[in-house]
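The structure is reproduced here in structure tokens:
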């Protein structure tokens, strides 16, 4: 059983018409329903849920994989909360960032770079190409599939070199985007996937849902190792002529 | 001509006997002399050089490649100065981190992870193995060479997956360390190399000096591109049926 | 249920004393017993088992993950059989190469490089370090563990850059080795792991067995995609001004 | 001075109208002229130049970087000649494969995979996006540039995971292609770049020429190391309790 938490900013769906129609209970509840299966115990949470912005230490400690959607309220997230999320990911929690999550504090904290990209929210035709067909996140996904409309995110995508380049998207307007990428962060595994603009129907697409499902299994942490550093260690082998202190 | 700045914390050499004997004018001046050649215009700088901790914006703007040595005064470096270094690296300046630079603020800011490792400063036998023999940073370096004594830095080395794993070190005490690694940070290229403890003679080793020289050429920025994001872009191709705003 | 086939050269165990004592029924049967669990349906096979050198097309088609041990009879394997193995791996079968498998025809065919290394079979102390602690192949494995004696395989290891560097080994004699590495080959996933000399007890080590078990799960193929090329495709979008033929 | 050899199949330009008009002396001579500069000593060669198919051992031994164009006569190249090219690349010679070179014997020999892709030779609008803006092969190249018409090569591109993904191309017909990729092969560095169909004008594009120039500098071999394996080595450190033979 994977303990999944879906965290959503949950602002657009309560303040704008199109998002409200597409996702009346919020993107988090929509995803919960779509992802629901026997293997996942899913909790939802959101920015103004509680004093801890829906990300209490207790919730994070009981989360194996955190799915993250955020957009226009990135700056409202407190630094200490963002840091708490990042530290928990470092400790092994999987992190799946959707759409503008790349601009969110936790994602940028974890990757170090700006994670910026150019954009155009014209709901244009988008085609997702799989560039790692043997990757578990791509299981059951065709070599390419279409999104009838999505916000364009374009290069340069200011990320470190990804571990795996799972998907690259083609846009009608002429751009490409390395929009499905994985990273390792301490003991945590990160997957970023670009679809999911609040005024687009990408989360209605079964391939998008399947990819997120696959990513949950993939990001589920393995048994934990001690990777702590910053400490003296005795030698494992006898050392001749060393200046023991 | 590559404009090289060697920045040093310059504390040990003024307060401790062994470093003072090994590097009487400081590690920065020692490296300046060893690296000196017609292709490099070398400036040295240090933590208490001036109000800007030796890292003024003017100096950074005139630096192509910054060599960094720091150790026990990591916390004395101001956050704003560390950020200035990181932003300049993002903008294309090469960054070569030596020894404890991995614990320094700029390096950790750029990589996102803790960059921690275990350690043992017994001056033990260390052997540097080249795992990327075709890499320009390894040009002219044998497949392995010895350091008669060095501080051990051991795994787990908490870094993102490096672009290139150029060197892995073997220690008499039983550890290995991914001690020669490259990263990309925006337009900047980063090389980290573990030798150079203040009480060891690694900078007297011609292979170590050659590696730093090679890394300077490698990290010298290429002509700059505009990689800025966070902005709307017009489509490059006409888009049918898009919801133009 | 993963259909696992363990293929062994099975020469040393029938012709040399120490291997015969360590693995009286052959390394393949020893591994079968150790790996046995409810999730795996394990078949064993060997070089002189049948006319097809124990690698009939029927067997390969019914194999999800192939474990391979070979050493002194690499040249006895027919080229057409090696090619059959490689093509099946390309089609999605996982391939786990143990010890001298790196010198075997299928492994070299798949990787392209020589896969050569230096060696010393003195049964020396070896320590396996995990350099990807979040990797599923490292699940449940400590950050390092010892092999009391193993044949040394040393750098330069002539392989392409691996996808993941999961383990690096330390040897008492002064070498290091990138001895646990993954690759992708078409739709197939490859893991190479260096322990397992015929005169050493590495397969008695529970960590080694756990790593092979983990690798079986990891290499189990995902649902297959059509990645065939070499063919014309109609455009997915209308093309203006193209020279249609 | 880099000793560059440009090898061309040189069939289309002598047998077909459009190639003959675009490249009357052959693609090799066209590229020689465009790449000519003080740093390069350029030789041209072609398939029916001599008994050695223009790839004598003497020529290869005196080549630092080999540029390769081939298409419809891939099978005419003798296996022994292809192997000779691959071995010389393994020994350190840089290899720059253009367009259908990916289907040529040397390239496939070096990479191990099929190197297949789907295609459509409709001379359609193609846009080359740089995904590694700090890479030396991208020096002086804008973040994207257009090719007015090119043959589409599309995913899946059956290559191992590249070392660097320097360029990804966008096609009007809806595909993307990882069309600018680097690999390491022994001591040799490989760059593959997709433009250059015999009926297109891509080699007239100054960005394409600049990229090839950059790649020549990048692929120029560094001083050679001994990476030979398959041999016993004495230990570098004394080994206690080893079973010396």
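Chains as they are written, first to last, in our numbering: chain A, 214 to 458; chain B, 214 to 458; chain C, 214 to 458; chain D, 214 to 458. C-beta: ideal position from N, C-alpha, C; glycine also. These numbers come from a predicted model, not from an experiment.
- The C-beta distance from residue 406/C to residue 424/C rounds to 6 Å, short enough to fall under 8 Å.
- Residue 445/C has a beta carbon lying within less than 7 Å of a beta carbon in chain D.
- Between residue 364/B and residue 452/A, the CB-CB gap reaches or exceeds 7 Å.
- Across the structure, residue 301/B and residue 333/A are spaced so that their CA atoms are roughly 28 Å apart.
- Between residue 217/B and residue 253/B the beta-carbon gap is near 5 Å, inside 8 Å, which marks them as a contact.
- Residue pairing of residue 340/C in beta bridges, as defined by DSSP: 359/C, 383/C.
- Distances from the CA of residue 326/A to each of 320/B, 330/B, 329/B were compared; the closest alpha carbon is that of 320/B.
- Chain-ordered listing is empty here: chain C has no CB closer than 8 Å to the CB of residue 452/B, the nearest sitting near 11 Å.
- Here residue 266/A has 260, 290, 291, 294 as same chain residues with Cβ atoms under 7 Å from its own Cβ, once five neighbours each way along the sequence are excluded.
- Note that the C-beta distance between residue 358/B and residue 381/B is not below 7 Å.
- Residue 378/C reaches chain B at 378, counting residues in chain order whose Cβ is nearer than 7 Å.
- Proximity of residue 389/B to chain C, defined by a Cβ-Cβ separation below 7 Å, is satisfied.
- Taking CB atoms only, residue 309/B has no neighbour in chain A less than 7 Å away.
- Here the alpha carbons of residue 219/A and residue 374/B stand approximately 27 Å from one another.
- The residue among 246/D, 400/D, 447/D, 317/D with its C-alpha nearest the C-alpha of residue 443/C is 317/D.
- Residue 303/A is positioned such that its CB atom lies no closer than 7 Å to that of residue 367/A.
- Here residue 418/C has 358, 360, 408 as same chain residues with Cβ atoms under 8 Å from its own Cβ, once five neighbours each way along the sequence are excluded.
- One Cα belongs to residue 250/A, the other to residue 241/A, and the distance between them is close to 15 Å.
- In the three-state reduction of the DSSP assignment, residue 292/A falls in the helix class, which pools H, G and I.
- Straight across, the Cα-Cα distance linking residue 384/A with residue 448/B is about 9 Å.
- Think of a sphere of 7 Å around the beta carbon of residue 371/B: the chain A residues whose beta carbon falls inside it are 399, 440, 442, in chain order.
- Closer than 9 Å at the C-beta level to chain B, one finds these residues of the region 329-352 of chain A: 329, 330, 331, 332, 333, 334, 335, 336, 337, 338.
- Not flagged as an interface residue toward chain C: residue 262/A, since no C-beta distance is shorter than 7 Å.
- Using a CB distance cut-off of 7 Å, residue 368/D counts as an interface residue toward chain A.
- Scanning 245/C, 278/C, 228/C, 222/C for the CA closest to the CA of residue 288/C turns up 222/C.
- When CB distances to chain C are screened at a threshold of 7 Å, not a single residue of the region 421-439 of chain B falls below it.
- Proximity of chain C to residue 290/A at the Cβ level (cut-off 7 Å) is not reached, the minimal Cβ distance being about 25 Å.
- Neighbours of residue 383/B in chain C, taken as residues whose beta carbon is under 9 Å from its own, are 383, 384, 387, 388, 389 in chain order.
- Of the residues 231/B, 307/B, 227/B, 439/B, the one whose Cα lies closest to the Cα of residue 404/B is 307/B.
- With a contact defined as Cβ atoms closer than 8 Å, residue 353/C and residue 413/C miss out at about 22 Å.
- Residue 272/B sits buried, since 16 or more C-beta atoms from the chains shown fall within 10 Å of its C-beta.
- Residue 309/A places its beta carbon 7 Å or farther from that of residue 431/A.
- Identification of residues in the region 352-366 of chain C having a C-beta nearer than 7 Å to some C-beta of chain B yields 356, given in sequence order.
- Here the C-alpha atom of residue 233/D lies approximately 27 Å from the C-alpha atom of residue 329/D.
- If you draw a straight line from the Cα of residue 435/D to the Cα of residue 387/A, it comes to about 38 Å.
- About 6 Å separates the CB atoms of residue 312/D and residue 410/D; that is less than 8 Å, so the two are in contact.
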